[in-house]
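> Pasting in a structure now, in structure tokens, and then I'll have a few things to ask.
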Amino acid sequence: MIRTDALDQLPVRTALPALRAALEERGAAVLCAPPGTGKTTLVPLALAGLTGDGPVRRVVVAEPRRIAARAAARRMAWLLGEEVGGTVGFTVRGERRAGRDTVVEVVTTGVLLQRLQRDQELAGVDAVVLDECHERHLDADTAAAFLLDVRATLRPDLWLVAASATTDAAGWARLLGDGALAGGAAGSGGASAPGGSSGADGSKGSDGSAGSGGADPVGADDSADSGSADTVGADDSADCGSADAPVVEAHGVSHPVEVVWAPPSRPVRPPHGLRVDPALLDHVAAVVRRALRERDGDVLCFLPGVGEIGRVAGLLRGVAAEVLQVHGRAPAAVQDAVLGGGTGVRRVVLATSVAESSLTVPGVRTVVDAGLAREPRTDHARGLSSLTTVRVSQAGARQRAGRAGREAPGAVYRCWAEAEQARLAPWPSPEIGVADLTAFALQTACWGDPDAAGLALLDPPPAGAMAAAGEVLRAVGAVDADGRATDRGVRMARLGLHPRLARALLDGAELVGHRRAAEVVALLSEEPPRGYGDDLAAAWRSARRGGDAYAQRWRAEVRRLQGAAGRMGPGGGPGASDGELTDDAVAGLVTALAFPERVALGRGSGAYLMVSGTGAALGDGSRLGTAEWLAVAVADRSSGAASARIRLAAVTDEDTARRAAAGLLSTDEEVAWSAERGDAVARRVVRLGAVELSVRSLSRPDPARLRAALLDGLRREGPGLLRWSDEASVLRGRMAFLHRELGEPWPDVSDAALLGAPDAWLGPELDGARRRSDLERVDAGRALARLLPWSTGDAARFDELAPERIAVPSGSRIRVDYSGERPVLAVKLQELFGMERTPLIAGGRVPLLVHLLSPAGRPAAVTTDLASFWRDGYRAVRAELRGRYPKHPWPEDPLSAEATRYTKARLQRK
């Protein structure tokens, strides 16, 4: 019996005429309705004609999470006075309750994608409702794009509704507009007989999720919310533009929610990766205690993850309330306890962001918001995907606050300062912009649009992420060189797994049998609880004998995967039939098949090098540290960290690594300069990606490659690698001086010039050279002499233009120093008596910089103009030196005196 009284109380009923009119006219519409209005429950029933209005139509409702799909189906069945599985049913991964009489079926977006891939026309379906589209999950965005493609090309009669509490209505209206224009009027009568369609691969309960969703929420969306201030009343129909789909809005029965700003009294460190400052969690627990003192009713507290929920639960031990922990992995009994309402005892519900929407928690009057959320991030260069902790968006904060006003006036305690609110991002990051796109790329390849260029998406996929996804798909044989899906890729897509895991299941089944391959892949598809440890094989054994909620889900997934693998082709390899492979070996093999670039070789002390080139380390106390090889299943690398942290891995060996990562195996003859050894190295190397498996010296390397290696070493270490005698250094200084002063044809002999064209001057010196020691014997001076301009004849004037020595009046030949900016002649002052003018070089263009030295060889004066010095400076220098060096001659007239190197006494003896 239909519960008419309950249906009449749902506020969205006032918007139903406008929604129906929009769909009949345009075929697509955006429905904006706050939580609690009945958009998830009444709208599908109305569109299906089950509330007494219009013909009966087959309606599919797509939810982003499994528990939301179950809860929505249960609520609709209750409104009709029926059990789930009759007129209203659901299909999620691992479970299906729908039959021949099912008119409204609630599915996950993963299931919907699978059905679209098998039957693009969605035969027998008249309308699709995409619920909670504001969450921007990748599967939901993909399903919307595929549905718009179907409407534009195959099914203009198919109705499409994008429904959400808070969303970018204008953006969705533009997106749906093109499909709506192509669609026209639809579904006005004569819908095909309802019947439950099977999962995409024909299996019962396959939702095809590839891990792009998140944790499961815990209820249907049918309570009031004051956090939807952006939705403005029940319009008949609002059109965002002539080409846009109509936007239909509905009022909610909202109650006022008081905002209490409760920032920590002392600064806390910002989140980093998965790490949250314990001081913030201490503060959140204190705020929960404060809320229990100051407010009535139950308290709902939002935290970013399971670990933080557990810590805060421990801090709340002893409070006068029942503390419940709610997240995607919470046992069904806990979820039922939350949804069922209290028993007279106050409750504190600690939840992740899954409770922002699609949730009914009776009795909640207060929300405590830690202000954090988790989003996926992918390091495409290293092939690592992980979650990271971020600040909640403004939309998310509104959704969370609204939980407090569903049933009565309430309050939200925000654990940040009011001034920070405006700096929050308006919306959460679309998953398409931050997540691993390998599964998405396979979906689009199977759809016939490998680069997704022809799909209607709110945000285009990043080119780099799509390129990385394409490399993975080609490596596992899912797509060809042009990006088109292969037959194998189509089979992989139908497994409802990430392509990496699909490859591990298909190939693993051939090697170890369907059952054991399915068991390991099920472990990889949903990471075991941290309490299971970091050894995958040990976690496998724990799941087999475990009675916890994870083990139950794992067994259900094993059954699904085993059946799916069996339908894909023969399996049951030697590992399954005769026991040749141990469970530990199987765990390593299947994990390596899924993540070949994460196979890692030990480097000692718990450190490993993955074949991708990324360093990784085990946690303290790990029992895996003695393994030579690991197949890494889960690893994450925080920004700025030197290496990744291994969270889950299986022991393996080199043979398995070679088999799983065969595409990364290479044998190379390398002749190169080794910076580590500081020498040329010639070797034959067998590599698995970045990991060297074997190295052997080459006895007869290619001479040209060896010469190139030595030249590379010369470039790296500089010309100083050669033998530079004093004469060679002087020659280089003289040549540099002439190039600087005269230019061509005198060559540039700077480091950059010499290293830029080494063959021009080293020439034969490199013939026969094999190692560093050969370079160190090369006479740099003889090599440099080749650069002198012999062909033009200018080299014959080299000694004249840049003389190595200058004759002075004393008879000495003094070396010119060319090492500085100007050539220097450093000579004792008495040796220049009688020299009227400064010596000139470079064809008379450049005067020498004369350093006039005392008898002890210390500078007494510096000049480039000797005539001026004798006239103006000599008298003062004479007076100073005469008293200090009385045994030396200091004539009053230096130009008429005899130049000498000796003292007065020696001059007399001569």
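In terms of our numbering, the sequence shown opens at residue 1132 and continues consecutively. Just so it is clear, CB atoms sit at the ideal spot from N, CA and C, and this is done for glycine as well.
1. Need the endpoints of the beta strand (DSSP E) that G1533 sits in, please.
2. Per the contact definition of three or more C-beta pairs closer than 8 angstroms, is the region 1179-1193 in contact with the region 1249-1259?
3. Drop a sphere of 10 angstroms on the beta-carbon of M1132, count the other beta-carbons inside from all chains shown, and report buried for 16 or more, exposed for fewer.
4. Roughly how many angstroms separate the alpha carbons of R1477 and V1454, rounded to a whole number?
5. S1860 by DSSP, collapsed to three states: which one?
6. What is the DSSP secondary structure of S1941, counted as helix, strand or coil?
7. Flag this pair as touching only if the region 1889-1897 and the region 1906-1922 have three or more C-beta atom pairs under 8 angstroms; answer yes or no.
8. Give me the residue from R1814, A1938, A1723 and D1751 with the minimum Cα distance to G1794.
9. DSSP state of T1519, grouped into three classes?
10. Taking C-beta to C-beta, are Q1525 and P1561 nearer than 8 angstroms?
11. Would you kindly work out how many angstroms separate the C-alpha atoms of P1630 and D1270, rounded to a whole number?
12. Evaluate E1263 with the Cβ neighbour count: other Cβ atoms within 10 Å of its Cβ, from every protein chain shown; 16 or more gives buried, anything less gives exposed.
13. Quick one: give me the first and last residue of the alpha helix (DSSP H) that G1595 is part of.
14. Below 8 angstroms on the Cβ atoms is my guess for R1228 versus F1221; work out the distance and round it to an integer in Å.
15. From the DSSP output, in three-state form, read off A1731 for me.
16. Please classify D1930: is it buried, with 16 or more other beta-carbons within 10 angstroms of its beta-carbon, or exposed?
17. My guess is that H1458 and V1437 are in contact by the Cβ rule of under 8 angstroms, so how many angstroms apart are they, rounded?
18. List the endpoints of the continuous alpha helix (DSSP H) containing S1904.
19. Would you kindly work out how many angstroms separate the C-alpha atoms of V1419 and V1443, rounded to a whole number?
20. With a CB to CB cut of under 8 angstroms and the five nearest residues on each side skipped, what residues in its chain are close to E1935?
21. In the DSSP assignment, what are the bridge partners of K1959?
22. Please classify G1314: does DSSP put it in a helix, a strand, or coil?
23. For G1364, name the three-state secondary structure that DSSP assigns.
24. For the region 1951-1966 against the region 1979-1990, are there 3 or more C-beta pairs whose distance is under 8 angstroms?
25. For E1266 and E1759, what's the separation of their Cα atoms in angstroms?
26. DSSP beta-bridge partners for D1767?
27. Alpha carbons only, please: which of R1754, D1250 and A1731 is nearest the one belonging to G1746?
28. Tell me the DSSP bridge mates of R1545?
29. Rounded to the nearest angstrom, what separates A1542 and E1551 at their Cα positions?
30. Within the same chain, show all residues whose beta-carbon is closer than 7 angstroms to that of A1991, passing over the 5 residues directly before and after it, in chain order.
31. Taking Cβ to Cβ, would you say E1252 is nearer than 8 angstroms to L1285?
32. When we look at the beta-carbon of P1591 and count the other beta-carbons within 10 Å, is it buried (16 or more) or exposed?
33. Measuring CA to CA, which of L1446, F1571, D1582 and F1433 is closest to R1545?
34. Since A1764 and A1780 are thought to touch, with beta carbons under 8 angstroms apart, how far apart are those beta carbons, to the nearest angstrom?
35. Tell me the start and end of each unbroken alpha helix (DSSP H) in the region 1623-1649 that is at least 4 residues and wholly inside, in chain order.
36. How close, in whole Å, do the beta carbons of T1145 and A1381 come, if the pair is a contact with beta carbons under 8 angstroms?
So, from the data block:
1. Stepping through the sequence shown from its first residue, residue 1533 is reached at position 402. No beta strand (DSSP E) holds G1533; the alpha helix (DSSP H) holding it covers Q1525 to G1533.
2. Segments in contact, yes.
3. Here residue 1132 refers to the residue found at position 1 when the sequence shown is read from its first residue. With fewer than 16 other beta carbons inside 10 angstroms of its own, M1132 counts as exposed.
4. Position 346 of the sequence shown, counted from the start, is the residue given in the question as residue 1477. Position 323 of the sequence shown, counted from the start, is the residue given in the question as residue 1454. Approximately 9 angstroms between the Cα atoms of the pair.
5. As a position in the sequence shown, residue 1860 is number 729, starting the count at 1. Shown here, S1860 sits in a helix according to DSSP, grouped into three states.
6. By 1-based counting over the sequence shown, the position of residue 1941 is 810. When DSSP states are grouped into helix, strand and coil, S1941 belongs to the coil group.
7. Yes, the region 1889-1897 touches the region 1906-1922.
8. Working through the sequence shown from its first residue, we reach residue 1794 at position 663. Checked all of R1814, A1938, A1723 and D1751; the closest Cα to G1794 is A1723.
9. For this step, residue 1519 is matched to residue 388 along the sequence shown. Three-state result, T1519: strand.
10. Position 394 of the sequence shown, counted from the first residue, corresponds to residue 1525. Position 430 of the sequence shown, counted from the first residue, corresponds to residue 1561. Taking 8 angstroms as the Cβ cut-off, Q1525 and P1561 do not qualify as a contacting pair.
11. Residue numbering aside, residue 1630 sits at position 499 when the sequence shown is read from its first letter. Residue numbering aside, residue 1270 sits at position 139 when the sequence shown is read from its first letter. If you draw a straight line from the Cα of P1630 to the Cα of D1270, it comes to about 14 angstroms.
12. Taking the first residue of the sequence shown as position 1, residue 1263 is located at position 132. With 16 or more other Cβ atoms within 10 Å, it is buried.
13. Numbered from 1 along the sequence shown, position 464 holds the residue referred to as residue 1595. Its alpha helix (DSSP H) spans residues A1594 to A1606.
14. The sequence position of residue 1228 within the sequence shown is 97, counting from 1. The sequence position of residue 1221 within the sequence shown is 90, counting from 1. The pair is a contact, with the Cβ atoms about 6 angstroms apart (cut-off 8 angstroms).
15. Walking along the sequence shown from the start, residue 1731 turns up at place 600. Correct three-state label for A1731: strand.
16. Stepping through the sequence shown from its first residue, residue 1930 is reached at position 799. By the neighbour-count rule (16 or more Cβ atoms within 10 Å), D1930 is not buried but exposed.
17. Position 327 of the sequence shown, counted from the first residue, corresponds to residue 1458. Position 306 of the sequence shown, counted from the first residue, corresponds to residue 1437. Correct: roughly 5 angstroms between the Cβ atoms.
18. In the sequence shown, the residue the question calls residue 1904 occupies position 773. It spans R1903 to E1907 - the alpha helix (DSSP H) in which S1904 sits, taken as one unbroken run.
19. Here residue 1419 is taken as the residue at index 288 of the sequence shown, counted from 1. Here residue 1443 is taken as the residue at index 312 of the sequence shown, counted from 1. Linking V1419 to V1443 through their CA atoms gives a straight-line distance of about 10 angstroms.
20. Counted from its first residue, the sequence shown places residue 1935 at position 804. V1861, R1865, R1946 and V1947.
21. Locating residue 1959 in the sequence shown gives position 828, where the first residue counts as 1. Per DSSP, the beta-bridge partners of K1959 are L1984.
22. Translated into positions along the sequence shown, residue 1314 becomes position 183. For G1314, the predicted structure reports a pLDDT of 38, less than 50, and the residue's modelled location is therefore unreliable. A value from the coordinates is still provided. The three-state secondary structure of G1314, taken from DSSP, is helix.
23. Position 233 of the sequence shown holds residue 1364. The predicted model places G1364 with a pLDDT of 34, which falls under 50 and marks its position as unreliable; any figure quoted below should be read in that light. The DSSP-derived three-state label of G1364 is coil.
24. Result yes; three or more Cβ-Cβ pairs closer than 8 angstroms.
25. Start at 1 with the first residue of the sequence shown, and residue 1266 comes out as number 135. Start at 1 with the first residue of the sequence shown, and residue 1759 comes out as number 628. Pairing E1266 with E1759, the inter-Cα distance amounts to about 43 angstroms.
26. To locate residue 1767, count along the sequence shown from 1; it is residue 636. R1776, per the DSSP bridge assignment.
27. Sequence index remark: in the sequence shown, residue 1746 carries index 615 (1-based). Of the candidates R1754, D1250 and A1731, the one whose C-alpha sits nearest the C-alpha of G1746 is A1731.
28. The sequence position of residue 1545 within the sequence shown is 414, counting from 1. According to DSSP, which records beta bridges pairwise, R1545 is partnered with W1392 and D1500.
29. Along the sequence shown, one-based indexing puts residue 1542 at 411. Along the sequence shown, one-based indexing puts residue 1551 at 420. Going from the Cα of A1542 to the Cα of E1551 covers about 19 angstroms.
30. By 1-based counting over the sequence shown, the position of residue 1991 is 860. Correct list, in chain order: L1960, L1983, L1984, S1985, V2008 and L2012.
31. Indexing the sequence shown from 1 puts residue 1252 at position 121. Indexing the sequence shown from 1 puts residue 1285 at position 154. Yes, they are a contact pair.
32. Taking the sequence shown and counting its residues from 1, one reaches residue 1591 at position 460. When all chains shown are included, P1591 counts as exposed.
33. As a position in the sequence shown, residue 1545 is number 414, starting the count at 1. Nearest C-alpha to R1545: F1433.
34. By one-based count along the sequence shown, residue 1764 stands at place 633. By one-based count along the sequence shown, residue 1780 stands at place 649. Between A1780 and A1764 the Cβ distance is about 6 angstroms, and since that is below 8 angstroms, they are a contact.
35. With a minimum length of 4 residues, the continuous alpha helix (DSSP H) runs that stay inside the region 1623-1649 are 1630-1643.
36. In the sequence shown, counting from the first residue as 1, residue 1145 sits at position 14. In the sequence shown, counting from the first residue as 1, residue 1381 sits at position 250. That belief holds up - the Cβ atoms of T1145 and A1381 are roughly 7 angstroms apart, short of 8 angstroms.
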